[in-house]
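I have placed the structure first, in the form of structure tokens, so that the comments after it can refer back to it.
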Amino acid sequence: MQSADTPTSNAGRAPIAEFRAATKQYGAVTAADQIDLAIMPGEFLSFLGPSGCGKTTALRMLAGFEVPSSGSVHLDGQQVNLVPPHKRPVNMVFQHYALFPHMTVADNISYGLRQQRPKPAAAEITRRVEETLTTVRLPGFEQRRIWEMSGGQQQRVALARALINQPKILLLDEPMAALDRKLRREMQIELQSLQRALGITFVLVTHDQEEALSMSDRICIMRAGRIVQIGTPRQLYDAPLNRYVADFVGKSNFFAGPLSQIDGPIGTVSLPGQSGQGRLGQGVQKGANVSLSVRPEQITLTHSGPGLEVLIKNRIFLGEHTEYLVNHGDLGDFLILVSRQGEALEGTFEPGEPARAHWKPEAALILNND
Amino acid sequence: MRIYAIAVYLFLYIPIGIIALFSFSAGRNASEFAGFSVKWYGKALSNPFVMDALQTSLTVALISAIIAAVFGTMAALALQNMTGRSRAFFDALIYIAVMIPGIVIGISTLIAIVTVFGWLNPILVAIWPAEGPAPQLAMGLGTLIAAHSLFNMALVIIIVRARIAGMDRSFTEASADLYATPFGTFRQITLPLIQPGILAGFLLSFTFSFDDFIIAFFVAGSNTTLPIYVFSSIRRGVTPEINAIGTMVLSLSLILLITAQILLQRKRTT
Numbered sequence: 001m002q003s004a005d006t007p008t009s010n011a012g013r014a015p016i017a018e019f020r021a022a023t024k025q026y027g028a029v030t031a032a033d034q035i036d037l038a039i040m041p042g043e044f045l046s047f048l049g050p051s052g053c054g055k056t057t058a059l060r061m062l063a064g065f066e067v068p069s070s071g072s073v074h075l076d077g078q079q080v081n082l083v084p085p086h087k088r089p090v091n092m093v094f095q096h097y098a099l100f101p102h103m104t105v106a107d108n109i110s111y112g113l114r115q116q117r118p119k120p121a122a123a124e125i126t127r128r129v130e131e132t133l134t135t136v137r138l139p140g141f142e143q144r145r146i147w148e149m150s151g152g153q154q155q156r157v158a159l160a161r162a163l164i165n166q167p168k169i170l171l172l173d174e175p176m177a178a179l180d181r182k183l184r185r186e187m188q189i190e191l192q193s194l195q196r197a198l199g200i201t202f203v204l205v206t207h208d209q210e211e212a213l214s215m216s217d218r219i220c221i222m223r224a225g226r227i228v229q230i231g232t233p234r235q236l237y238d239a240p241l242n243r244y245v246a247d248f249v250g251k252s253n254f255f256a257g258p259l260s261q262i263d264g265p266i267g268t269v270s271l272p273g274q275s276g277q278g279r280l281g282q283g284v285q286k287g288a289n290v291s292l293s294v295r296p297e298q299i300t301l302t303h304s305g306p307g308l309e310v311l312i313k314n315r316i317f318l319g320e321h322t323e324y325l326v327n328h329g330d331l332g333d334f335l336i337l338v339s340r341q342g343e344a345l346e347g348t349f350e351p352g353e354p355a356r357a358h359w360k361p362e363a364a365l366i367l368n369n370d
Numbered sequence: 371m372r373i374y375a376i377a378v379y380l381f382l383y384i385p386i387g388i389i390a391l392f393s394f395s396a397g398r399n400a401s402e403f404a405g406f407s408v409k410w411y412g413k414a415l416s417n418p419f420v421m422d423a424l425q426t427s428l429t430v431a432l433i434s435a436i437i438a439a440v441f442g443t444m445a446a447l448a449l450q451n452m453t454g455r456s457r458a459f460f461d462a463l464i465y466i467a468v469m470i471p472g473i474v475i476g477i478s479t480l481i482a483i484v485t486v487f488g489w490l491n492p493i494l495v496a497i498w499p500a501e502g503p504a505p506q507l508a509m510g511l512g513t514l515i516a517a518h519s520l521f522n523m524a525l526v527i528i529i530v531r532a533r534i535a536g537m538d539r540s541f542t543e544a545s546a547d548l549y550a551t552p553f554g555t556f557r558q559i560t561l562p563l564i565q566p567g568i569l570a571g572f573l574l575s576f577t578f579s580f581d582d583f584i585i586a587f588f589v590a591g592s593n594t595t596l597p598i599y600v601f602s603s604i605r606r607g608v609t610p611e612i613n614a615i616g617t618m619v620l621s622l623s624l625i626l627l628i629t630a631q632i633l634l635q636r637k638r639t640t
């Protein structure tokens, strides 16, 4: 299982998997629509989107459970549309693990090896199972029964069962959906370091933006069967293509209105009762209906500084930060995140208190709604 | 409410209890208890007619249960992959097969078999190449096994279907993902997971066939199964020997039914 450090930069290398205009239709429903994507060897790529956005369909086309209705899927340069799952060099960690209940942990993990012809020697299988259990930090669990194990342990077994086959790509279908929050965080860190250590390409499907942001090299945001934007977590956060992406990656406040004026990189949006300025996002046109997107941490809250007059509605203490829900007469409710340092300067704000909210034009972003 | 319930149960089970009790009677009369004895059991088991009938019953029950378990499982697996209207149609057919009164199945099976044999036998005579009389199809062990197998298949399908429906589809997908061929997946995953259902279906089928009188009465031809033997001896008067036979059949059936029930209830397969 051990391998040398794999560089995460993949410049000049051939993609390990590719979707070319891959489309999947079930009757009148289009689950995946013209997906074009190249997955590079050794990268950690996530499909992120709400349920029904086509992310699972994309993963299942890679695994071979779904045959594209049109377009194609390629593995290692080979077109594999009609190659059945058992002939593809990829392995999957299922959402509810799908561990075989009538087998021990060792039998579950060695299942893939035992299907090979010629079958590896028994001693070799035992050794590899032991090695893999150590990799997922479950040494000595060989003879356990599946139902004797906790959710977190079951997940590690599912991971081991896939990794022992040294797949070209490891597919993960919402693997952490069934874990509690703390365990999920631990597993995220572990998965990421495992991926770095093994150098295997990971493709993750998730609806949890935090999960995608924290683990992935690249994220593929999906909606209604289509890819909306592909980029590194930072690119998606700092330069979202549209309001949908900004809403899905991190929290943001949106103020909708027509784009009334453009001055170089800065535009002006007509909002109820006032106008708001921000950097121009991709492809916004003068006169179009747009959204002014402002991240909660970009807004400064003061007792008597410049900016909008707001009323504090609610306060949530989050440890490092405090989140305020404020109301403005014309713009409605929005969120402001105040850091510890910010509080040190201005003190805290009580619900019901008036305050001022201010942001710099460069901190706001003007985005198309779609 | 509770009193009614108790009364209903007493009404149902006291006659059965009395048969079991009187089978241990030492007297000749089946309706009075004259001291404890197991001599009627000995008598029943040494009666060549009883043993013959028992052998016929066991043969029919075993063969028809095996046929039903194999083909019922195959049908259940196939039905699982059907969708929409055709699946609802076959589902309905299977439930109807279980709900139709035995006497209807008995008569209709008899008519069907007689008609088909009436067609086939002249053809057999016409194409028989060898010297001597051509073999003729007739009612007998074969028709009895066929009729029971058909009915039992419906039982097995219903039970195995329930088991398959409770099985996560991702098990077979995971197996395919881990390089198992479709047959490998069937052998290593599907079969072990539905095996308790198949076994339970087999046991229920065996019990049904072993106990069945109505269908057997119509299609058994000259063969005598145990229930047919009991029925015909009752016409000559009920003896404690009949009680003993009844009690033995009851015990065997109960054991098989309880085993089937335990298999069906067991959540995890080990």
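Top line first, the protein sequences correspond to chains A and B. 1 is the number of the first residue of the first sequence in the numbering used here; add one for each residue after it. 371 is the number of the first residue of the second sequence in the numbering used here; add one for each residue after it. Virtual Cβ for every residue (Gly too), placed ideally from N, Cα, C. It should be emphasised that the depicted structure is a prediction, and the values quoted were computed from it without experimental measurement.
Under the three-state reduction of DSSP, which class applies to residue i: helix, strand or coil?
i: LYS24/A; result: strand
i: GLY267/A; result: strand
i: ILE336/A; result: strand
i: ILE230/A; result: strand
i: LEU451/B; result: It should be noted that the sequence gives Asn, not Leu, for residue 451/B. If DSSP states are grouped into helix, strand and coil, ASN451/B belongs with coil.
i: ASP36/A; result: strand
i: ILE366/A; result: strand
i: LEU82/A; result: coil
i: PRO566/B; result: helix
i: ASP173/A; result: strand
i: ASN522/B; result: helix
i: PHE403/B; result: coil
Whole angstroms are fine: how far does the CA of residue j sit from the CA of residue i?
i: LEU633/B; j: PHE583/B; result: 26 Å
i: ARG447/A; j: PRO361/A; result: Because chain A is modelled from 1 through 370, residue 447/A falls outside the range shown and cannot be assessed.
i: ALA448/B; j: ALA550/B; result: 20 Å
i: ALA535/B; j: ILE39/A; result: 36 Å
i: ALA158/A; j: SER575/B; result: 39 Å
i: HIS328/A; j: HIS74/A; result: 52 Å
i: LEU292/A; j: PHE248/A; result: 15 Å
i: ILE473/B; j: MET444/B; result: 28 Å
i: ALA630/B; j: SER623/B; result: 10 Å
i: HIS86/A; j: LEU548/B; result: 6 Å
i: LEU382/B; j: SER416/B; result: 31 Å
i: ASP217/A; j: SER193/A; result: 13 Å
i: TRP489/B; j: PHE406/B; result: 56 Å
i: PRO306/A; j: CYS53/A; result: 42 Å
i: GLY77/A; j: ALA458/B; result: 44 Å
i: VAL326/A; j: TRP359/A; result: 14 Å
i: GLY281/A; j: VAL338/A; result: 25 Å
i: GLY231/A; j: ARG145/A; result: 41 Å
i: THR594/B; j: PRO499/B; result: 34 Å
i: PRO597/B; j: LEU391/B; result: 20 Å
i: PRO418/B; j: ILE493/B; result: 39 Å
Tell me, which residues are paired with residue i by DSSP?
i: PHE601/B; result: The partner list for PHE601/B (beta bridge, DSSP) is empty, contrary to what the question assumes.
i: PHE47/A; result: VAL205/A, CYS220/A
i: HIS421/A; result: With chain A covering only 1 through 370, there is no way to say anything about residue 421/A.
i: GLY276/A; result: VAL269/A
i: VAL294/A; result: ASN253/A
i: PRO258/A; result: ASN289/A
Excluding the 5 residues flanking residue i on each side, which residues of the same chain have their C-beta closer than 7 Å to its C-beta?
i: ILE376/B; result: none
What first and last residue would you give for the beta strand (DSSP E) that runs through residue i?
i: MET222/A; result: 218 to 223
i: PHE97/A; result: Reading off the sequence, residue 97/A comes out as Tyr, not Phe. Per DSSP, TYR97/A belongs to no beta strand (DSSP E) and is neither H nor E.
i: LEU380/B; result: Here LEU380/B belongs to no beta strand (DSSP E); instead the alpha helix (DSSP H) covers 372 to 392.
i: TYR324/A; result: 321 to 328
i: LEU548/B; result: Where LEU548/B is concerned, there is no enclosing beta strand (DSSP E), given that its DSSP letter is neither H nor E.
i: ASN314/A; result: 308 to 317
i: SER70/A; result: 70 to 75
Skipping 5 residues on each side, what residues in its chain have a beta carbon closer than 6 Å to that of residue i?
i: VAL420/B; result: ALA414
Can you tell me where the alpha helix (DSSP H) with residue i in it begins and where it stops?
i: GLY112/A; result: 111 to 114
i: PHE248/A; result: 243 to 248
i: LEU633/B; result: 610 to 635
i: VAL484/B; result: 472 to 497
i: GLU124/A; result: 122 to 135
If you drop the 5 nearest sequence neighbours on each side, which residues of the same chain put their C-beta closer than 8 Å to that of residue i?
i: PRO566/B; result: ARG533, LEU633, LEU634, ARG636, THR639
i: VAL82/A; result: Reading off the sequence shown, one finds Leu at residue 82/A, where the question assumed Val. So the qualifying residues of the chain are VAL67.
i: LEU525/B; result: ALA438, GLY442, VAL468, GLY571, LEU574, SER575, PHE578
i: GLY250/A; result: GLN209, LEU213, TYR237, ARG295
i: MET103/A; result: TYR111, ILE146
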